[in-house]
Amino acid sequence: MTMEYEKQLENLAINLFEIDAVKFGEFTTKTGLKTPIYFDLRVIVSYPIIMDSISKLLYEFAVKDNNCDHLCGVPYTALPVATLLSIKAKMPMLMRRKESKSYGTKKMIEGHYKQGDTCLIIEDVVTSGSSVLETINDLRKEGLRAEEAIVILDREQTGRKNLEDNNVKLKSLFTMTQLLKILVANKKITEEMSANVKSYLQNVQAPVIATSLQRTLIPYEKRAEQATNVIAKKLFDIMAVKKTNLCLSVDLTTCTQILNLVEEVGDHICLLKTHVDIIEDFHLDFTKKIKEMAQRHNFLILEDRKYADIGNTVSLQHTKGLYKINEWADCVTAHSLPGEGILKALNDQDNERGVFLLAEMSSEGNLITPDYTEATAKMAAKYPHLITGFVCQKRDTFVDPGLIQLTPGVQLESSKDDLGQVYNTPEKVVLENGADVIVVGRGIVKAKNPKTQALVYKNRLWECYEKRISTSK
Ligand code: 5BU
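Counting in my numbering, the sequence shown tops out at residue 473, every number present.
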């Protein structure tokens, strides 16, 4: 950076101090903590010359050479700064709404954009990074890529680390250390005050934000310890012991076909997923045999029943009729659509059971929205002992490392079937999208040699998982 730039930066620090955007003394924060330093950059809108110099400096520092398709300010303080930068850099702006979600499925991001477009984030001050992450999460839900954030000031209180953990690179015009240095050199504050602030910042670090990325970096055996649902714990343990995260979706229509295939591949899977209602010669004896195999080969059974009715009906569907699902399935899938009644109906206190709640689907054009997914995650949080995890496609769906992400729609090459199923590769679902247990149906069932193919899937999926956890070491 040039001398001229350094000088302007110094002037800006002094100006911010003089307009009381940075104050020293003894303050109490919103959460009741005492702090020797206080920032209020909202006041800068009253000082057009300072606004001008902030936007010029940010432009020179990090926007001029940036290739992002858009920029987006974190509401509200950074919005006018982002607007000035957008005009100066001729980089189109996006706006994130901050209103509560009472708007239902109303768009959270205003402006024109395409899936996969990149977006640069502008913020005034970063402490823990949570505000930046809120904006980024909303952008990511819309399919935008947000991996860079520029801030005026980094308070050096874990914000940088929290953002890095979420795959966001932070650039700051000032760090707190630099700002203090300028103010001391210009005799605006004493050395003693500066030391006081530094020791405060070191002692009072902002909390580390748990992220969806973090959960995917933890090995299964450690996640087993964090699971609240018994089935989730068992499943994590099985995966770690058998070194497989493969779930076979055994979509065959006779008992013999199923039993023969499971006998062949049982050692390669952690979970067997069934659709009992497609079996033409179903009888309860079959469930006995499959349970015996599950014990012998050490896997669990998931009946992919996708319950979606009122609680009373679901309770009957689960325990009565031909299938008596509650007697043999370790876990089932259910939609969140009908509301909590469905979870109350499945909340069997006497048995060790679990539910995978459908938060997303793999099929093209499905009607699930980001708000629906978020509401599903919230609903699940009320039933920690019952919920094993989510059937979903994206990592951002949840953060709790004790829950399991079950992802269907997987084959060795990305493709589609004729009825709307969308397939992603093992690399994409495990490394990028955060899948923990991976559902493969026709990729194995329809293969010439299902046994060999199951081993191919098992090895490739496990390699992806090992690669994923190794990035945190
Ligand atoms: P496939 O043969 O690998 O396409 O089978 C996928 C299985 O997963 C099949 O049994 C579906 O019913 C199930 N599935 C899915 O494909 N996509 C979803 O979003 C959900 C379930 Br939920």
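Cβ atoms here follow ideal geometry from the backbone N, Cα and C, with glycine treated the same way.
Tell me which same chain residues have a C-beta within less than 6 Å of the C-beta of residue i, skipping the five on either side of it?
| i | result |
| --- | --- |
| Pro-370 | Lys-141 |
| Ser-315 | Ala-345 |
| Thr-287 | Trp-328 |
| Thr-127 | Arg-155, Gln-157, Gly-159 and Ala-206 |
| Lys-171 | Ala-62 and Ile-150 |
| Asp-304 | Lys-273, His-275 and Thr-333 |
Near residue i, which residues of its chain fall below 7 Å by C-beta distance, leaving aside the five closest residues on each side in sequence?
| i | result |
| --- | --- |
| Ala-78 | Ile-122, Glu-123 and Asp-124 |
| Lys-101 | Residue placement at Lys-101 cannot be trusted, given a pLDDT of 46 that sits under 50; what the coordinates show is reported in the next sentence. For Lys-101, where only same-chain residues beyond five positions count, the Cβ hits under 7 Å are Asp-371. |
| Lys-234 | Leu-300 |
| Phe-17 | Leu-183 and Lys-188 |
| Tyr-59 | Leu-85, Lys-88 and Ala-89 |
| Pro-338 | Ala-308, Asp-309 and Ile-310 |
Are there 16 or more other CB atoms within 10 angstroms of the CB of residue i, so buried, or fewer, so exposed?
| i | result |
| --- | --- |
| Val-241 | exposed |
| Asn-162 | buried |
| Tyr-5 | exposed |
| Gly-116 | exposed |
| Pro-48 | exposed |
| Ile-310 | exposed |
| Ser-476 | Residue 476 is absent from the model: the chain starts at 1 and stops at 473. |
| Glu-333 | The amino acid occupying residue 333 in the given sequence is Thr; Glu does not appear at that position. Thr-333 is buried by the Cβ-count criterion. |
| Leu-261 | buried |
| Met-91 | buried |
| Glu-463 | exposed |
| Val-245 | The question names Val, yet the displayed sequence has Asn at residue 245. The residue in question, Asn-245, is buried, as its Cβ has 16 or more Cβ neighbours within 10 Å. |
| Phe-519 | Look at the range of the chain in this structure, 1 to 473, and you will see that residue 519 is not part of it. |
| Ala-359 | buried |
| Leu-9 | buried |
| Ile-136 | buried |
| Glu-110 | exposed |
| Gly-129 | buried |
| Lys-34 | exposed |
Using the three-state DSSP reduction, which class does residue i fall into: helix, strand or coil?
| i | result |
| --- | --- |
| Lys-306 | strand |
| Cys-464 | helix |
| Cys-255 | helix |
| Asn-229 | coil |
| Met-95 | strand |
| Pro-36 | strand |
| Ser-172 | strand |
| Ser-212 | helix |
| Tyr-103 | For Tyr-103, the predicted structure reports a pLDDT of 45, less than 50, and the residue's modelled location is therefore unreliable. The matter cannot be settled from this model. |
| Arg-155 | coil |
| Leu-406 | strand |
| Gly-443 | helix |
| His-112 | coil |
| Val-126 | strand |
| Leu-246 | strand |
| Ile-438 | strand |
| Tyr-423 | strand |
| Lys-394 | coil |
| Gly-143 | coil |
Apart from the five residues just before and just after residue i, which ones in its own chain have a Cβ nearer than 8 Å to its Cβ?
| i | result |
| --- | --- |
| Glu-192 | none |
| Gln-317 | Arg-305, Tyr-307, Asp-309 and Ile-325 |
| Arg-296 | Gly-266 |
At a cut of 8 Å, does the stretch 263-270 reach the stretch 445-453 through at least three beta carbon pairs? yes
May I ask you to verify whether the stretch 431-448 touches the stretch 387-405, counting CB pairs closer than 8 Å and requiring at least 3? yes
Those runs of the alpha helix (DSSP H) which lie wholly inside the stretch 318-370 and span at least 4 residues: 325-328 and 341-346
Give a yes or no on contact between the stretch 377-388 and the stretch 339-355, applying the rule of three or more CB pairs nearer than 8 Å. As far as the Cβ criterion goes, the stretch 377-388 touches the stretch 339-355, which means the pair count is three or higher.
Under 8 Å, with one C-beta from each stretch per pair, do the stretch 270-279 and the stretch 242-257 reach the 3-pair mark? yes
Entirely enclosed beta strand (DSSP E) segments - the stretch 2-68, minimum 3 residues: Correct list: 22-28 and 34-39.
Can you list, in chain order, the stretches of the beta strand (DSSP E) that have 3 or more residues and sit fully within the stretch 270-315? 271-274 and 300-307
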